[in-house]
Every structure is written in C-alpha cells, then in structure tokens.
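Report on the structure given below.
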Amino acid sequence: MSAQKKRNFQIEAFKHRVVVDPKYAEKTWKILEHAIHEIYNHNASGLSFEELYRNAYNMVLHKFGEKLYSGLVSTMTSHLKEIAKSIEAAQGGLFLEELNRKWAEHNKALQMIRDILMYMDRTFIPSTHKTPVHELGLNLWRDHIIHSSKIQKRLQDTLLELVQHERTGEVINRGLMRNVIKMLMDLGSSVYQEDFEKPFLEVSADFYRLESQQFIECCDCGDYLKKAEKRLNEEIERVSHYLDAKSESKITNVVEKEMIESHMHRLVHMENSGLVNMIVDDKYEDLGRMYNLFRRVPTGLALIRDVMTSHIREIGKQLVTDPERLKDPVDFVQRLLDEKDKHDKIISSAFNNDKTFQNALNSSFEYFINLNPRSPEFISLFVDDKLRKGLKGVTEEDVEIVLDKVMMLFRYLQEKDVFEKYYKQHLAKRLLSGKTVSDDAERSLIVKLKTECGYQFTSKLEGMFTDMKTSQDTMQGFHAAVGAEIADGPSLTVQVLTTGSWPTQSVTTCNLPPEILGVCDKFKTYYLGTHTGRRLSWQTNMGTADLKATFGKGQKHELNVSTYQMCILMLFNNADRLSYKEIEQATEIPASDLKRCLQSLACVKGKNVLRKEPMSKDIAEDDAFYFNDKFSSKFYKVKIGTVVAQKESEPEKQETRQRVEEDRKPQIEAAIVRIMKSRRVLDHNNIVAEVTKQLNSRFLPNPVVIKKRIESLIEREFLERDKTDRKLYRYLA
Amino acid sequence: MKKEDTVKLISAEGFEFIIDKKAAMVSQTIRNMLTSPGSFAETEHGEVTFPEISTTILEKICQYFYWSLQYASGKETEFHIEPEITLELMMAANYLHT
C-alpha cells in the first residue's frame, strides 16, 4: 500500500507457509487447466475468478511458476491445434469467416487467461524474462494457425484473390477483410509484411504492368491519365478501408512506377494528345492531372518542364523570326503577350503555380525574345502605340495591367539599353507632338522602369518631362513679356530641350520662312535674356504647325502639318509652281525628309494640297509641284501626317545600333575600373565575368568588346598587365 | 445506490462489505475480476469472496479504497494503520495488487 511506504520502518522477509501437500502443485494446476479448457469451450460463467486467481497466485508464490507457465503453453498449443483443424476444414469462402471467428474467440479467451494469470504476468514473467501471456498467445496463434502449412498459403491466396476481385469491380466483404488484415497486423508488423504486404505488392505490380500496357495501346494521353488517376485513388481508398496505413506509400509507389514512370515518355510525347497538344488546346484539366500524377515520380515534373520549355521555345522562335510578324511591331508584341498569358494561365491553373515551371517559362521567353535583335525596338513601339491611342477610354487599372505586362517583357530583354534608346526616341516624339494620351500612364511607366533598373536608367527620361514643364512656364513668360508685339504674327510655342536628355539629333536647321524667323528671333532674345550663357538651336525636324489656307473656290481649311511641311507650303504663298530643286534650295531640308514631306503633301489621296507633275507615287529629283487649287475636303481641319517610318529603316537601325555600341563603351570601362579599383589585381576571365554581372541589368556585354575596352584602358594607363603573368591585370591608381 | 454500481466483498468469516465499484477498482485484481471479457461468476453476481482475508483486514482495505480515491482527487490526509495488522495487510495488498 502506498501509504505505508511513507513510514520508514523495516519489514522482514515474509515467510511462506510451508506446503504440506506434496501434490499441491499438481492439484492446483489441474484446477487451472480445467478452467482454461472451460474458457475455450465458452463455459466460463461457472468459474470463480477469485478462486482461479488465488490458485495461480499461490502457485507462483510457492515457486511453481515454471510449472504453471509450461502448462499454459502446452494447453494453449493443444487448443490451437484443434482450432487449426477446424479452420482447415472450412470450405471455400467460409475459410476466412471461420478464421476470423476463431480469432475473435481466441482473443477473448486469451484475455481471460491473462486476467486470471495476472499475478504470474506481474511477478514471475519479468523476473524470468519469459514472454508475457498475451504476447505468448499471439505468438502461438501465429505459429500454429497462420504459419501452419495448410493455412498460410491458402490465406495469402484468398486475400489476394479478394483484392483482385475488387479491382475488377466486384463487391467484397470489406469488414471481414479488414478484420483478417487487422489480425495480421496484431501479430506484428513483420507478419503483416511477410504474409500479406509483400505478395500483395508483387501481385499489384504485375496487375498494373499488364493493365497499363493495355491502356497505353488503346487510349490517348488524357484518357490514360484519367484511368491512372482512378486506379491510384482506388488503391488509396483500399488502404484506408482495410490495410495498414503504412502500406499506402508502398502501393501508390507501385502504381506510380507501373502506370506512370514506365510510360512517362510515351505519354508526354503521344501523338495528337501528348503534352504539347494539351498545352496548345488549353486542356487545363488534363494538364493538371498530368502534373499531379507526374509529380509523384522522381523525374516526372522535370520531364513535363523540359517538354514544355522546348515547346515554348519552339513557338516563340517561330514567332520572333517569322518575317511576316515583323511587319507589325504592335501585333508582334501583342502576340508575345498573348503567348505569355496563355502559359501563365496554364501554370497557374494546371501546374499549381509551380515556381520551377514559372522559371522555365521565364527563361524560355528570355531565350527567344532575345533571338530577335529588334525586340527592344518593338516593345518600345508597342508602348508607343498604347500610349498614343491604345489607352483611350481605358480605366486606370487596365492601363496599369498593360504597363505591367510590358514591364514583364522588358525584364526578359538582355539589351535593356537598346530599349532605353528607342524608348527615348519614341517618348520624345510623343511629348513633342503632344500625342501622349495620359501623362499619368507615362509617369507610371517611368516609375516602373526606375524600380526595375535604377535611377540612372530613367534620369534622362525624367529630364524630358521636366523640360516639357519648364517650357510651358517659359512660354507663359514669353507671351506675357512680348505677347503684344507679336500678336499679329504667327503664334509660336517653343519647347526648350536640354541637350543630353533628349535623343541626339543631327542639327540641320532648315530655312524657316521669314515670318516665323522673326518670332523665333524674338523668343531667342527673350530666352537668352533670362538665361545667360546658354545656346539655343532650332530642331526644325521635330516641330508641328497649324496653317490656315484658302483654296481656289475660296474654301478655307486649317492644315495641321510638320514644320518641314509648313516651310514648303509657305513657299507657295509666293509661287504657283516650284521644282524639287527649287524647294530643296529654298528650305535646305535634308533630302530624305524632304521627299517624305512632299510625298505626304502631294501623293496622299484626300490630303493632296500640292499637285505633282508627273503624277506618280514616288518623288523624283526632277518633279515639279503646283499648289492644288482644286483641293477639297469634308473637314475643316486637315491633318497631314508625314509618311513616317514607324519602324526604323535598315540604315537607321544600323545607326541606332552603332550609337548603342558607342554608349556601351564608357559603361563597360566604368565597370572595369570600378571592379579593378576594389580588386587591384584580377585575371582576364574574372574581369569579364564580373563586368557581365554588373551590367546585365542593362545589357549583355560582348566579351570581345570587354577585351577591347581593357586594352584601351591599358593604353590610357588605368591598368597594366602583370609582368610575369600576362593574364593578370593590375589597377594603376 | 444502484446495484450495478456496487460490489459485495465477503471476508473469510463471511462478513459482507458492500462498496462502490469505483472504490473496489482501486485494486487491480478486483478491477480485472469485474471487467474480464468472459462472464466469471464474480461478474455475474456482483460479489467476490476472499477466503484468505479476515474481516479486520478487509474492513481496513475497504477504508483504504475510499481513502485512496480521496487522495487521488487531491485531499491529502494520513491513512492510519495499526502496527499489529501491518503484515497481514501487506500480504492482502500484494494479492489485490493495490
């Protein structure tokens, strides 16, 4: 009693009563043996627990524990042999039921025996290291029933047969199945594994190998995956119903291996229904299924990813290299965006937004967008188009979405500086012609570029905006100061552009008409008066003009033209006929621009304010031009656009390219010097690697160019070659 | 008190103690007697005879059962045992697995 333990007094060893009767043990055991028989025969109600317990207790106390234990073993064994016979005798389907029934009985009897022999379990068994009664009962059952030669094989076959029946769609007694499996598990996990799980997995592997072979011959990829998924779910369900939970991963492994892994490649590349077809046809459900199934096998996802990547690269390559597509940059970019959207959707809805897939998609886009050297130009043109007209009547959020998408494409570009060049040109055109739809959208995009590429990248672009703002103020000041003097003359709006911020233009000022020149000079005086030390030069190639013209029948029109066109038209105030040469001389407009202007003035139907002789589409050097008296138009305002080369012509492209290359040189040099300044000594390959790393947010420098820059720096004594190792460079402070 | 909730313990001399099953089950042996799956005579009649335990001791044991329940529920008091019955009580405790 626990309370007694608290008191601290010695207790002497207890002396047992001496057993008088030498046959005491024999007699007592007989009583217990009889009780065990009765228990197995379901006759326990007549027995007194106390009496049996007392007998067992006394036997153990009187050192007959060994006799009690061995007696128990032999009695139980003989009972189990009886039971084995009755189970063996059970016919066909009754076999399992009999086994199950006997098992339940044995379990109950075992528990009763354990209870009455509890004292032995408590004292005798631990001290002699014997198997406790309950475990002993299970072991004996295992050895004499489950592993009996006539039962073991039969049990296995019966169980596997039932599973097979269920796989082919029959209904089986799952409760019975569960009990028998539970029995095997109770007998120890090794029994379950050896006697059921192992053969079960083998049979399953055979079954699914055969079935998958049949399926793959007659089904397309989608159907096959559906079947595989169904089978997989069936197995998982089976485990949850009557197998050990630990078997789930094993059996699913079998199904995965037989149904998926061994046919993986064939499935993915299946003609007319494989992965590529699913992607093309936007079969999200099938793709999702494929993803979920393939995810289960080691190389499954890598396979999907690889095939998807090569597919995207393939179509992307077609897209960017198709000469047809290159004709319309806006459409070109739109297609890229559509393609991206499509695959984004697939990844988000079918591929669980898998990061590795997103990365694969990104790298594919990066790969093929940069295949076409004109991508930066086209993306800028796309933005230009959107900001000029595409965003009219669109909500702010939608604008943001479009801009974000553009930024996404921008991120793929390796030559971000080329994009910057074009973007600057296009932005300049937009700003100067006042064509930009939304100032907010423009600024929002600048902010995005800034966050993406840093302050440097956008400082010039921001400078352009500042110039626009300052120009407005300047013009107000100008009009306030000299407005009265020039009220009769043409009104003038000047935008003062900071050199450097704006795309550099070859300054070939054309001859302005005297009326305009007067006003311009006034502005020049005003501006230089307020800002001393500056130089103003006129960028006549970028301006626009509104002219009021009176035609033959007295009808008046307002002509919206470029500065060049204005200069040409003003000549016709004093003459009716002018030859090409005369115009060229009078205006000094560069030949290519002049031709374009004349073309748009004389050759566009409905806007031909000039008449050309001879009539033809193109302008020749010996053409003559007349003022077109018969010009008529429905509209009061006539906008005469220049035949603008939207896309750059080949020489222009070369020129831009060259400018970009020129601009890169100082950047590369700066990077080299920065690196060398901190490293002092570095070998060639490492410099190239570091420079590439530093600059890849702007462009991908060519190693050859880097080498040239290093040589140039050596010439200018920023660096020197190491005297002993020619591959090493030293920084010279 | 319902009959199902009590158990009758009978001493060697035939004295009967009727106590709560809950209290009696402090003894692991009695617990097994009353809960063993087979229907032993004890379970059916709700009484247990202890031919080897005297009335004095059984009475003390019953007192102990109730004391133990209280003790388990946090009421710490002394359980007094007269020295002269200590030995016999211990034998009974071993037997009853208490």
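These protein sequence lines are chains A and B, in that order.
In terms of the UniProt record's numbering, the first sequence has 586 at position 586, counting the first letter as 1, and numbering is strictly consecutive.
In terms of the UniProt record's numbering, the second sequence has 8 at position 8, counting the first letter as 1, and numbering is strictly consecutive.
Where a beta carbon is used, it is the ideal one built from N, C-alpha and C, also for glycine.
If we ignore side chains and look at the alpha-carbon of each, how far apart do residue i and residue j end up?
i, j, result
"residue 37 of chain B", "residue 69 of chain A", "22 Å"
"residue 320 of chain A", "residue 331 of chain A", "11 Å"
"residue 35 of chain A", "residue 67 of chain A", "16 Å"
"residue 499 of chain A", "residue 557 of chain A", "36 Å"
"residue 43 of chain A", "residue 32 of chain A", "14 Å"
"residue 701 of chain A", "residue 714 of chain A", "19 Å"
"residue 159 of chain A", "residue 40 of chain A", "27 Å"
"residue 21 of chain B", "residue 174 of chain A", "39 Å"
"residue 532 of chain A", "residue 582 of chain A", "38 Å"
"residue 340 of chain A", "residue 608 of chain A", "44 Å"
"residue 678 of chain A", "residue 310 of chain A", "42 Å"
"residue 277 of chain A", "residue 650 of chain A", "39 Å"
"residue 737 of chain A", "residue 77 of chain A", "Outside the shown range of chain A, which is 1 to 733, sits residue 737 of chain A, and nothing can be said about it."
"residue 645 of chain A", "residue 659 of chain A", "Confidence at residue 645 of chain A is low in this model, with a pLDDT of 48, below 50, so the placement of that residue should be treated as unreliable; the coordinate-derived value is given next. The alpha-carbon atoms of residue 645 of chain A and residue 659 of chain A are separated by roughly 19 Å."
"residue 616 of chain A", "residue 364 of chain A", "48 Å"
"residue 547 of chain A", "residue 308 of chain A", "58 Å"
"residue 12 of chain B", "residue 134 of chain A", "32 Å"
Among the options, which residue has its Cα nearest to the Cα of residue i?
i, options, result
"residue 418 of chain A", "A:93, A:114, A:698", "A:698"
"residue 343 of chain A", "A:630, A:462, A:275", "A:275"
"residue 42 of chain B", "A:389, A:49, A:220", "A:49"
"residue 474 of chain A", "A:528, A:582, A:639, A:409", "A:528"
"residue 466 of chain A", "A:481, A:442, A:572", "A:442"
"residue 104 of chain A", "A:674, A:554, A:118, A:183", "A:183"
"residue 15 of chain B", "B:40, B:45, B:50, B:33", "B:50"
"residue 384 of chain A", "A:535, A:329, A:367", "A:329"
"residue 112 of chain A", "A:94, A:87, A:72, A:95", "A:72"
"residue 737 of chain A", "A:543, A:25, A:379", "For residue 737 of chain A there is no data in the structure shown, the boundaries of chain A being 1 and 733."
"residue 189 of chain A", "A:139, A:218, A:633, A:132", "A:139"
"residue 215 of chain A", "A:301, A:227, A:206, A:706", "A:227"
With a CB to CB cut of under 7 Å and the five nearest residues on each side skipped, what residues in its chain are close to residue i?
i, result
"residue 148 of chain A", "84"
"residue 162 of chain A", "172, 177"
"residue 686 of chain A", "none"
"residue 201 of chain A", "250, 251, 254"
What did DSSP end up calling residue i once you bin it into helix, strand or coil?
i, result
"residue 562 of chain A", "strand"
"residue 656 of chain A", "helix"
"residue 384 of chain A", "helix"
"residue 549 of chain A", "strand"
"residue 730 of chain A", "strand"
"residue 522 of chain A", "helix"
"residue 544 of chain A", "strand"
"residue 78 of chain B", "coil"
"residue 557 of chain A", "strand"
"residue 95 of chain B", "helix"
"residue 63 of chain A", "coil"
"residue 512 of chain A", "coil"
"residue 29 of chain A", "helix"
"residue 16 of chain B", "strand"
"residue 502 of chain A", "strand"
"residue 398 of chain A", "helix"
"residue 153 of chain A", "helix"
Taking 7 Å as the line, does the beta carbon of residue i fall inside it for any heavy atom of the ligand GDP?
i, result
"residue 53 of chain A", "In the structure shown, the ligand GDP is absent, as is every other ligand, since no ligand is present at all."
I'd like the list of long-range same chain contacts for residue i, defined as Cβ closer than 8 Å, with 5 residues on each side in sequence excluded.
i, result
"residue 424 of chain A", "460, 461, 464, 502, 503"
"residue 457 of chain A", "416, 420, 449, 450, 698"
"residue 52 of chain A", "31, 32, 35, 116"
"residue 636 of chain A", "556, 557, 558"
"residue 28 of chain B", "96, 97, 98"
"residue 46 of chain A", "38"
"residue 67 of chain B", "77, 79"
"residue 53 of chain B", "11, 12, 61, 92, 95"
For residue i, which residues in the same chain have their Cβ closer than 6 Å to its Cβ, ignoring the five residues on either side in sequence?
i, result
"residue 579 of chain A", "624"
"residue 18 of chain B", "6, 8"
"residue 619 of chain A", "595, 598, 599"
"residue 351 of chain A", "291, 357"
"residue 109 of chain A", "39, 40"
Practice task
Examine the Cβ distances between the stretch 364 to 374 of chain A and the stretch 305 to 319 of chain A and report whether three or more of them are shorter than 8 Å.
Solution key: Output reads yes: the stretch 305 to 319 of chain A touches the stretch 364 to 374 of chain A.
Exercise for the section: Specify whether the stretch 281 to 288 of chain A and the stretch 343 to 356 of chain A touch according to this definition: at least 3 beta carbon pairs, one from each stretch, less than 8 Å apart. Expected result: yes
Practice task
Give a yes or no on contact between the stretch 186 to 195 of chain A and the stretch 258 to 278 of chain A, applying the rule of three or more CB pairs nearer than 8 Å.
Solution key: no
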